[in-house]
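Here's the structure we're looking at; comments come further down.
In my numbering, the protein residues as written are 2 to 494.
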């Protein structure tokens with residue numbers, strides 16, 4: 002029953018809603034009962050004060066006693082109650098009065114003896130009202146209000162017991178309780194389908210997204226979750242759909258990458274095998290073998306570079322490669338790296354314009370990995386620069402960062418391809434590779450991963466016939482050179 006989110010949420014919400022409705026009904030019923038009884042007790046207590054005044058001012062006076070009895074009968078008739086006056090004086094004794102029309106109900110109560118309870122009332126050890134003091138004499142529930150008979154001087158003459166029939170009150174309370182229970186039942190009946198609809202509206206998008214994710218796990222990224230609404234679930238659905246777009250793009254790029262790598266590996270392997278077999282069976286004359294061996298070696302070097310790029314990408318992505326941070330002059334590193342490309346630069350007739358500060362600029366980074374980044378960016382720039390064009394290197398030194406830009410001309414990169422130029426498995430040739438160039442699209446991906454490891458930025462922009470790749474590094478102070486004695490000690494060790 003509780004295997005699904007829907008069933009669990011429905012059970013919890015229903016339990017909370019139904020529990021609150023039941024508690025509300027009970028609280029309302031008890032509150033009404035408490036209010037009703039407290040109000041009745043207050044009215045009877047106030048009536049006792051009037052009875053006390055009549056008794057003290059008139060009843061104790063023989064000449065006024067009959068008039069007092071008439072007034073007491075009126076009060077008793079008003080409440081359909083039973084009044085008992087128990088005096089301490091033997092002369093006054095006791096006086097019982099009740100409504101003659103309903104006297105048969107109270108007649109048996111005249112046999113009651115509340116003398117012991119009267120002592121408690123006079124000593125003040127009991128409440129001002131009590132329930133069912135006459136339960137041994139009458140068959141219905143009663144409330145008895147009581148107080149000492151006291152004069153203005155504070156003298157106690159006896160006790161007043163004013164018994165009230167609770168039959169009508171209890172009936173009203175029961176009727177009210179039934180009404181509250183009925184309304185609570187109606188509210189519960191209405192709440193159940195509403196809660197079910199509410200829970201379904203919450204859980205159905207989750208179920209829908211679950212089905213979508215199942216399709217994603219099977220490689221089908223065409224299905225999309227429902228994005229209607231502005232709540233958290235709608236935002237989650239939009240995130241899922243955005244993820245699906247990225248996964249679909251990544252899957253297309255991966256397939257293209259596999260196809261490209263397969264082609265790049267198959268072509269040199271086939272070429273090398275063909276040349277080697279030709280040399281082995283004598284098809285290639287002995288005097289021509291040196292030229293063909295050079296071709297085989299070139300193909301082998303190209304395959305080695307490709308495999309190394311794949312290994313680098315795998316190691317960086319898996320977190321196996323840890324940065325070895327050091328302080329070095331980034332200008333010197335750029336110069337050394339560019340020099341390694343001079344043969345290719347001169348072959349294409351490119352001019353190099355390097356706008357670097359004359360003074361050293363020190364940064365803190367992994368020198369080996371930053372060399373790889375610069376190498377990949379310069380290689381990319383040389384590869385796509387038209388013959389006879391220029392290659393620009395610009396450096397901007399800020400207070401805490403150094404920004405390096407490598408710029409080349411050419412056809413540029415379209416807006417659609419620019420957003421994916423650093424993606425894994427993305428082959429830039431789709432965007433702007435002239436015929437005759439080659440590559441697997443790994444260089445820029447590796448550069449992006451290295452900069453992410455350094456928690457620095459690398460960006461690409463292409464406009465006005467220029468393509469600019471820019472990366473940043475953390476600037477630092479020049480490292481302190483060890484004193485001569487320190488150098489000697491280090492050599493000794």
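We put the beta carbon where it would ideally sit given N, CA and C, even for glycine.
Among 14, 387, 453, which residue has its Cα nearest to the Cα of residue 199? Translated into the one-based positions of the chain shown, residue 199 becomes position 198. That would be 14, whose Cα lies nearest to the Cα of residue 199.
Output needed for residue 182: all residues of its chain with C-beta closer than 8 angstroms, excluding positions within five of it in sequence on either side, in chain order. Residue mapping note: residue 182 aligns to position 181 of the chain shown, counting from 1. Counting only Cβ-Cβ distances below 8 angstroms, and skipping sequence neighbours, we find 26, 30.
Counting only the same chain and skipping the five closest in sequence on each side, list residues whose C-beta sits under 7 angstroms from that of residue 338. Here the question's residue 338 lines up with position 337 in the chain shown. Within the same chain, residue 338 has close Cβ partners 372, 375, 376, 379.
Chain B contact for residue 202 (CB, 8 angstroms cutoff): Here chain B cannot be found, since the structure has a single protein chain.
Give a yes or no on whether the C-beta atoms belonging to residue 76 and residue 119 are separated by under 8 angstroms. The residue labelled residue 76 in the question sits at position 75 within the chain shown. The residue labelled residue 119 in the question sits at position 118 within the chain shown. Cβ distance not < 8 angstroms, so residue 76 and residue 119 don't count as in contact.
Using a Cβ-Cβ cut-off of 6 angstroms (strictly less than) and excluding sequence neighbours within five positions of residue 434, which residues of its own chain qualify? Stepping through the chain shown from its first residue, residue 434 is reached at position 433. Note that residue 434 scores a pLDDT of 40, beneath 50, so its modelled location is shaky and nothing firm can be said.
Give me the Cα-Cα distance between residue 107 and residue 135, rounded to the nearest whole angstrom. One-based indexing of the chain shown puts residue 107 at position 106. One-based indexing of the chain shown puts residue 135 at position 134. Each residue's Cα considered, the two are about 10 angstroms apart.
If you follow the alpha helix (DSSP H) that residue 174 is part of, which residue opens it and which one closes it? Here residue 174 is taken as the residue at index 173 of the chain shown, counted from 1. 168-218 is the span of the alpha helix (DSSP H), which, as asked, contains residue 174.
Segment contact, 8 angstroms Cβ cut-off, at least three pairs: the region 350-366 with the region 463-480: yes
Using 8 angstroms as the threshold, is the C-beta distance between residue 408 and residue 335 below it? Here residue 408 corresponds to residue number 407 of the chain shown, with the count starting at 1. Here residue 335 corresponds to residue number 334 of the chain shown, with the count starting at 1. No. Outside cutoff.
Residue environment, residue 341, which counts as buried when at least 16 other CB atoms sit within 10 Å: For the purposes of this step, residue 341 is taken as the residue at position 340 of the chain shown. Classification for residue 341: exposed.
Could you check if residue 343 is buried or exposed, using at least 16 other CB atoms within 10 Å of its CB as the buried criterion? The sequence position of residue 343 within the chain shown is 342, counting from 1. Classification of residue 343: exposed, given that the 10 Å Cβ count is below 16.
Tell me which same chain residues have a C-beta within less than 6 angstroms of the C-beta of residue 451, skipping the five on either side of it? What you label residue 451 is simply residue 450 of the chain shown in a count that begins at 1. These residues qualify, in order along the chain: 370, 374.
Check residue 139 in the structure and name its three-state DSSP category. Your numbering for residue 139 matches position 138 in the chain shown. Residue 139: coil per DSSP, three-state reduction.
Beta bridge counterpart(s) of residue 71 as assigned by DSSP: Taking the chain shown and counting its residues from 1, one reaches residue 71 at position 70. DSSP output for residue 71 lists no bridge partner at all.
Secondary structure of residue 160, DSSP reduced to three states: By one-based count along the chain shown, residue 160 stands at place 159. Looking at residue 160 - three-state DSSP - the assignment turns out to be strand.
For residue 121 and residue 127, what's the separation of their Cα atoms in angstroms? In the chain shown, counting from the first residue as 1, residue 121 sits at position 120. In the chain shown, counting from the first residue as 1, residue 127 sits at position 126. Taking the straight line from one Cα to the other gives about 6 angstroms.
Just tell me which of 391, 160, 317, 406 has its CA closest to the CA of residue 357. Reading the chain shown from its first residue, position 356 is the one you call residue 357. With distances taken between Cα atoms, residue 357 lies closest to 406.
Among 272, 85, 286, 80, which one has its Cα closest to the Cα of residue 168? For this step, residue 168 is matched to residue 167 along the chain shown. Checking every option, the nearest Cα to that of residue 168 belongs to 80.
Alpha-carbon to alpha-carbon, residue 245 and residue 203: The residue labelled residue 203 in the question sits at position 202 within the chain shown. The residue labelled residue 245 in the question sits at position 244 within the chain shown. Straight-line Cα distance between these residues: approximately 22 angstroms.
So is residue 420 buried or exposed if we call it buried at 16+ other beta carbons inside 10 Å? By 1-based counting over the chain shown, the position of residue 420 is 419. Exposed, because fewer than 16 other Cβ atoms sit within 10 Å of the Cβ of residue 420.
With DSSP as the reference, please indicate the residues paired to residue 85 in a beta bridge. Along the chain shown, one-based indexing puts residue 85 at 84. Paired residues: 97, 162.
Check whether the Cβ of residue 476 lies closer than 7 angstroms to any heavy atom of the ligand HEM, and answer yes or no. Ligands displayed in this structure: none; no statement on the ligand HEM is therefore possible.
Using CA coordinates, which residue listed in 454, 177, 266 is at the minimum distance from residue 35? Here residue 35 refers to the residue found at position 34 of the chain shown. Checked all of 454, 177, 266; the closest Cα to residue 35 is 177.
Given that a residue counts as buried once 16 or more other Cβ atoms are within 10 Å of its Cβ, and exposed if not, what is residue 332? If you number the chain shown from 1, residue 332 lands on position 331. Residue 332 comes out buried.
Neighbour-count burial assignment, residue 56, 16 or more Cβ in a 10 Å radius: Numbered from its first residue, the chain shown carries residue 56 at position 55. With 16 or more other Cβ atoms within 10 Å, it is buried.
Under the DSSP definition of a beta bridge, which residues are partnered with residue 105? On the chain shown, residue 105 is found 104 positions in, with the first residue counted as 1. Answer is none; residue 105 lacks a bridge partner.
Please confirm if the region 64-72 is in contact with the region 185-199, defined as three or more CB-CB distances below 8 angstroms between the two stretches. no
Residue 222 vs residue 191 beta-carbon contact at 8 angstroms: Position 221 of the chain shown, counted from the first residue, corresponds to residue 222. Position 190 of the chain shown, counted from the first residue, corresponds to residue 191. For residue 222 and residue 191, no; Cβs fall outside 8 angstroms.
Starting from residue 325 and walking both ways along the beta strand (DSSP E), at which residues does that stretch end? Mapped onto the chain shown, residue 325 falls at position 324. No beta strand (DSSP E) holds residue 325; DSSP gives it neither H nor E.
Closest by C-alpha distance to residue 255, when choosing among 60, 207, 324, 220: Position 254 of the chain shown, counting from 1, holds the residue named residue 255. Of the listed residues, the one whose Cα sits closest to residue 255 is 220.
Going straight from the alpha carbon of residue 353 to that of residue 410, what length do you get? Here residue 353 is taken as the residue at index 352 of the chain shown, counted from 1. Here residue 410 is taken as the residue at index 409 of the chain shown, counted from 1. Between residue 353 and residue 410, the C-alpha separation is close to 12 angstroms.
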